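Undergrad: Our numbering numbers the first residue of the first sequence as 14 and each following residue consecutively. Think of the CB as a built atom: it goes at the ideal place given N, C-alpha and C, for glycine as much as any other residue. Computed from a predicted model, the values in this text were never measured in an experiment.
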Amino acid sequence: MFDMKWIRENPTAFDAGLGKRGLAPQAAALIALDETRRQAQGRAQQIQTERNALSKQIGMAKAKGEDASAIIARVSQSKTAQAEAEAEQSEADGHLHKALSALPNLPFEDVPVGNDESDNVEVRTWGAIPHFDFAPKEHFDLGENLGLMDFETASKLAGARFVLLSGALARLERALGNFMLNVQTEEHGYTEVNPPALVNDTTMYGTGQLPKFGDDLFKTEDGYWLIPTAEVPLTNIVAGHILDDTYLPRRYTAMTWCFRSEAGAAGRDTRGMIRQHQFSKVEMVSVTKAEESSAELERMTGCAEEILKRLELPFRTVVLATGDMGFGARKTYDIEVWLPGQNAYREISSCSNCGDFQARRMKARYREKGETDLKFVHTLNGSGLAIGRTLIAVLENYQQADGSIHIPKALQPYMGGLDVIAAVEN
RNA sequence: GGAGAGAUGCCAGAGUGGUCGAUUGGGGCGGUCUCGAAAACCGUUGUGCGCUUGCGUACCCAGGGUUCGAAUCCCUGUCUCUCCGCCA
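1. Where does the unbroken beta strand (DSSP E) through A357 begin, and where does it stop?
2. Rounded to whole angstroms, what is the Cα-Cα separation between T403 and G35?
3. Taking the C-alpha atoms as reference points, what is the distance between V331 and G397?
4. Quick one: which unbroken beta strand (DSSP E) runs of 3-plus residues sit fully inside the segment 36–107? Chain order, please.
5. For K33, collect the residues of the same chain with a Cβ closer than 6 Å to its Cβ; drop the 5 residues on either side in sequence, then sort them by chain order.
6. Report buried or exposed for P426, applying the criterion of at least 16 other Cβ atoms within 10 angstroms of its Cβ.
7. Work out the CA separation of N213 and A173 for me, nearest whole Å.
8. Hey, how far is the Cα of L43 from the Cα of A115?
9. Using a threshold of 8 Å, state whether the C-beta atoms of C271 and P246 are closer than that.
10. Looking at C-alpha atoms only, which residue of K232, I434, D415 is the closest neighbour of D146?
11. Go ahead and pull the three-state DSSP assignment for H419.
12. If you follow the beta strand (DSSP E) that K376 is in, where does it begin and where does it stop?
13. Threshold first: 4 residues or longer. Then list the alpha helix (DSSP H) segments lying entirely within the segment 279–357, N to C.
14. Could you spell out the range, first to last residue, of the alpha helix (DSSP H) harbouring Y218?
15. Specify the secondary structure class of E275 as computed by DSSP and reduced to three states.
16. Verify whether the separation of the beta carbon atoms of I84 and Q70 is less than 8 Å.
17. Since R64 and S103 should fall inside the 8 Å C-beta cutoff, what is the C-beta to C-beta distance between them, to a whole number of angstroms?
18. Quick check on V136: does DSSP put it in helix, strand or coil?
19. For I420, which residues from the same chain have a beta carbon less than 8 Å from its beta carbon, with the 5 sequence-adjacent residues on both sides left out?
20. Please give the ranges of any alpha helix (DSSP H) in the segment 219–274, keeping only runs that are unbroken, at least 4 residues long and fully inside the region.
21. Taking the straight line between their C-alpha atoms, what separation do you get for Q59 and Q95?
22. Taking the alpha carbon of L159 as the reference point, which residue from C367, G354, G180 has its own alpha carbon closest?
23. On the CB-based measure, 16 or more other CB atoms within 10 Å of its CB, does W19 come out buried or exposed?
24. In terms of DSSP beta bridges, what is Q412 paired with?
25. Suppose you measure from the CA of R323 to the CA of A171; what does that come to, to the nearest Å?
26. Under a three-way DSSP split, which group does T204 fall into?
27. Enumerate in chain order the residues of its own chain whose CB-to-CB distance from A210 is below 7 Å, with the five nearest sequence positions on each side excluded.
28. At which residues does the alpha helix (DSSP H) containing L393 begin and terminate?
29. Given this structure, state the Cα-to-Cα distance separating E130 from A357, to the nearest angstrom.
30. Does the Cβ of K294 have 16 or more other Cβ atoms within 10 Å, making it buried, or fewer, making it exposed?
31. Any idea if L182 is buried or exposed, counting beta-carbon neighbours within 10 angstroms, 16 or more meaning buried?
32. Tell me which same chain residues have a C-beta within less than 6 Å of the C-beta of F340, skipping the five on either side of it?
33. Mind reading off the beta-carbon distance from D16 to R380? Whole number of angstroms is fine, and I expect it under 8 Å.
34. In terms of alpha-carbon separation, which member of R343, P24, G401 lies closest to V176?
35. Between M162 and L178, is the Cβ-Cβ spacing less than 8 Å?
36. May I ask you to list the residues that DSSP assigns as paired with K388?
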């Protein structure tokens, strides 16, 4: 959400920012709508001022026992004009709000301009890409051969894009989540939260999923939305608040199920666990002062990368081009883990600085000590990490010629000391 | 699911149709006093929007309605609490 005052004063910069996202200029139309709104408001308020004054006179006249019917008649006449002005104001206001709600955030200056992911820029790589003296398999072959990853049963139970893990793989998922949460809470200063996984319209609006992206979400019959990421409930914790500056930065983490309809992804990644309707994820959310968000994004990206380093999984980090960024982001780093079975890097984390975009929608502000004016907080979110995809990465990178899987050292304590996952006997 | 009570400023808590953006207490902030602190005393203390030294306007859970005038009356919804039922 944008500050209309800012657009009024910086129409060129606004349109230029939209242009980087491949969108047409909007400033002139928005400013015209805003002008209509303000004029109607001025008229409505002027009439209201008069009515308030006259109503006060009526009260005083009646208190003295005088006849007030003449004034009452006068006030009654102003009703129509005021109703008209108010209707015009609220109509313009509605149009303006609708238009502003649908606009994505503006990219920062240092974000590479480009149309899609091919324009993303690699900023660093970590770890050596492993070499196998056999043809490495994809995770679904490995998992199915182990007898611990069952897509058939999952599709019987639910449908496509679900999986049923069992035995050591089910435990591996749990181990990964515990490991990640421990690192983020004990070493990186995040506060663990266990939030609602169903939220209301207002909450989905606050982080920007609504009004535009309802199709990507699951909705219950009584109006709840299933969260597509814990970013939604975690960020909205501060919605509506005026925070003391000593309260910032605020860092939250949560492990939750994430639910996505994948409406726009038909036919993509249909095989395996890469793209599911339901997956678990450890999410990080930071709420910071305006001037601290850029540094916080670097910090948060580091917190996500640290998980891969501990698991000794090779990755690269890219900065997304303007055309590939999400709706609310001003700058985003994607972390891509190496998948030997696919012979490719695949996204495993996405860390974004949303600036004050979500804060304006949520009305989340703070006050600097000793100052009177209020500022909007900045919000950031990042995966630390997507657990399902991390499980895939472990399987593919730690696979052995016989189809068994070594368990990374960092995870062994979480697996009851187990160091290898082998095929189960049926 | 049934019955009842409630929602007011940072917190507690008044206010049931007229100068109420709202009594009072606590907290916070500023000051007096003090070497300093505590105590005491004095002052101050919400947010949005519009025009702008300042003024206007809106907001007492949300949305409608009645009225010249609504925190106060009416309707709908949401949430909280109590009791009963059910239940992980």
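TA: If we stick to the structure as given:
1. The residue given as residue 357 occupies position 344 in the first sequence. Residues 357–366.
2. If you number the first sequence from 1, residue 403 lands on position 390. If you number the first sequence from 1, residue 35 lands on position 22. For T403 and G35, the distance between alpha carbons rounds to 33 Å.
3. Here residue 331 corresponds to residue number 318 of the first sequence, with the count starting at 1. Here residue 397 corresponds to residue number 384 of the first sequence, with the count starting at 1. The straight-line gap from Cα to Cα measures roughly 16 Å.
4. none
5. As a first step, residue 33 is located in the first sequence; it is residue number 20 there, counting from the start. So the qualifying residues of the chain are P120, V126, T335.
6. Position 413 of the first sequence, counted from the first residue, corresponds to residue 426. With fewer than 16 Cβ atoms within 10 Å of its Cβ, P426 is classed as exposed.
7. In the first sequence, the residue the question calls residue 173 occupies position 160. In the first sequence, the residue the question calls residue 213 occupies position 200. Straight-line Cα distance between these residues: approximately 27 Å.
8. Counting from 1 along the first sequence, the entry for residue 43 is found at position 30. Counting from 1 along the first sequence, the entry for residue 115 is found at position 102. Approximately 12 Å, taken between the alpha carbons.
9. Working through the first sequence from its first residue, we reach residue 271 at position 258. Working through the first sequence from its first residue, we reach residue 246 at position 233. Not in contact: C271 and P246 (Cβ atoms no closer than 8 Å).
10. Within the first sequence, residue 146 is the residue found at index 133, counting from 1. With distances taken between Cα atoms, D146 lies closest to D415.
11. The residue given as residue 419 occupies position 406 in the first sequence. Correct three-state label for H419: strand.
12. Within the first sequence, numbered from 1, the residue matching residue 376 stands at position 363. Per DSSP, K376 belongs to no beta strand (DSSP E) and is neither H nor E.
13. 306–323
14. Position 205 of the first sequence, counted from the first residue, corresponds to residue 218. Per DSSP, Y218 belongs to the alpha helix (DSSP H) from 214–220.
15. Along the first sequence, read from residue 1 onward, the residue named residue 275 stands at position 262. Coil at E275, not helix or strand.
16. On the first sequence, residue 84 is found 71 positions in, with the first residue counted as 1. On the first sequence, residue 70 is found 57 positions in, with the first residue counted as 1. Yes, these two residues count as a Cβ contact at 8 Å.
17. By 1-based counting over the first sequence, the position of residue 64 is 51. By 1-based counting over the first sequence, the position of residue 103 is 90. Actually they are not in contact, since the Cβ atoms of R64 and S103 sit about 18 Å apart, beyond 8 Å.
18. Residue mapping note: residue 136 aligns to position 123 of the first sequence, counting from 1. In this structure, V136 counts as strand in the three-state DSSP scheme.
19. As a first step, residue 420 must be located in the first sequence, where it is residue number 407. Only L185, V407, Y411, M428, L431, D432, V433, I434 meet the Cβ criterion.
20. 244–248
21. The residue labelled residue 59 in the question sits at position 46 within the first sequence. The residue labelled residue 95 in the question sits at position 82 within the first sequence. The straight-line gap from Cα to Cα measures roughly 9 Å.
22. The residue given as residue 159 occupies position 146 in the first sequence. Residue G180 is the option with its Cα nearest to L159.
23. Counting from 1 along the first sequence, the entry for residue 19 is found at position 6. Classification for W19: exposed.
24. Walking along the first sequence from the start, residue 412 turns up at place 399. Note: Q412 sits in a beta bridge opposite I418.
25. Translated into positions along the first sequence, residue 323 becomes position 310. Translated into positions along the first sequence, residue 171 becomes position 158. Distance between the alpha carbons of R323 and A171: 34 Å.
26. Counting from one through the first sequence, the residue named residue 204 turns up at place 191. Looking at T204 - three-state DSSP - the assignment turns out to be strand.
27. Looking up residue 210 in the first sequence gives position 197. The residues are L239, I240, T269, W270.
28. Here residue 393 is taken as the residue at index 380 of the first sequence, counted from 1. Run containing L393: none in the alpha helix (DSSP H); it sits in the beta strand (DSSP E), 391–399.
29. Translated into the one-based positions of the first sequence, residue 130 becomes position 117. Translated into the one-based positions of the first sequence, residue 357 becomes position 344. The alpha-carbon atoms of E130 and A357 are separated by roughly 14 Å.
30. The residue labelled residue 294 in the question sits at position 281 within the first sequence. Buried.
31. Taking the first sequence and counting its residues from 1, the one referred to as residue 182 is at position 169. L182 should be labelled buried.
32. Here residue 340 refers to the residue found at position 327 when the first sequence is read from its first residue. P117, G221, listed in sequence order.
33. As a position in the first sequence, residue 16 is number 3, starting the count at 1. As a position in the first sequence, residue 380 is number 367, starting the count at 1. D16 to R380, Cβ: 18 Å. No contact.
34. The sequence position of residue 176 within the first sequence is 163, counting from 1. It is G401.
35. Here residue 162 is taken as the residue at index 149 of the first sequence, counted from 1. Here residue 178 is taken as the residue at index 165 of the first sequence, counted from 1. Yes, the Cβ-Cβ distance between M162 and L178 is below 8 Å.
36. Within the first sequence, residue 388 is the residue found at index 375, counting from 1. Its beta-bridge partners are Y379.
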